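Here's the structure we're looking at; comments come further down.
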Amino acid sequence: MKKFLKIAAIVLAAAFVIIQFIRPDFTNPPVNQAETLEASTQVPENVEAILTNSCKDCHSYESQYPWYSKIQPSAWFLAHHIEEGRQQMNLSVWNTYETKRKRRKLSEICEQVELHEMPLPSYLWIHRSAKLSDEQIEILCNWTRQESDKLAQAQ
């Protein structure tokens, strides 16, 4: 039994080393400033700070990759979350969205932060500073409602 455990430990250690060479691509695509949220929407400094600290790592092409992005399999998990986040809403291509989609996304931002679904709890384990206070949630929701109203009036 001891021999089996020793062989199993060696195999697991070797597998862990080997998977370190299978890395996801963490290159951020270039940002076209004309397509960003800020290009079409007035974003106050306090809202921009919230978005940068709590949203843009997964919902833009401005992701900042932490130390654990260099360790497999956590890097694969991270790459998948970022890909999903960008598919759901990407602030770097916001200006390419139809008005209806922008309004829906603004509503979803408020809804998800109020329900504490965003930022993801798994993200908050390591990024504690990304956790939104009640005041930040209120600021973000007030802003999303104002922007949605502006879009509705412009139609």
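Numbers -16 to 138, taken from the working numbering, label the letters of the sequence shown in order.
Built from N, CA and C at the ideal position, the CB exists for glycine as well.
Since the model is a prediction, treat every value here as computed from it, not as a measurement.
In the DSSP assignment, residue -15 falls within the alpha helix (DSSP H) that extends over -15 to 2. By the CB criterion at 8 angstroms, residue 77 and residue 18 fall inside the cutoff. Judged by DSSP in its simplified three-state form, residue 104 adopts helix. Annotated three-state conformation of residue 39 is coil, per DSSP. Contact between residue 34 and residue 74 holds: CB atoms are separated by about 7 angstroms, below the 8 angstroms threshold. DSSP places residue 96 inside the alpha helix (DSSP H), whose first and last residues are 82 to 97. In the DSSP assignment, residue 132 falls within the unbroken alpha helix (DSSP H) covering 117 to 137. Rounded to the nearest angstrom, the Cβ distance from residue 12 to residue 44 is 5 angstroms, consistent with a contact under 8 angstroms.
DSSP places residue 5 in the coil class of the three-state scheme, outside both helix and strand.
Between residue 97 and residue 120, the C-beta spacing is below 8 angstroms.
Contact between residue 88 and residue 134 is ruled out by a C-beta separation of about 11 angstroms, above the 8 angstroms threshold.
When the alpha-carbon of residue 82 is set against those of 101, 52 and 130, the nearest one is in 130. Rounded to the nearest whole angstrom, the CA to CA distance from residue 58 to residue 3 is 10 angstroms.
Excluding residues up to 5 positions away in sequence, 49 and 51 lie with their Cβ nearer than 8 angstroms to the Cβ of residue 109 in the same chain. Residue 14 has its alpha-carbon roughly 15 angstroms from the corresponding atom of residue 72.
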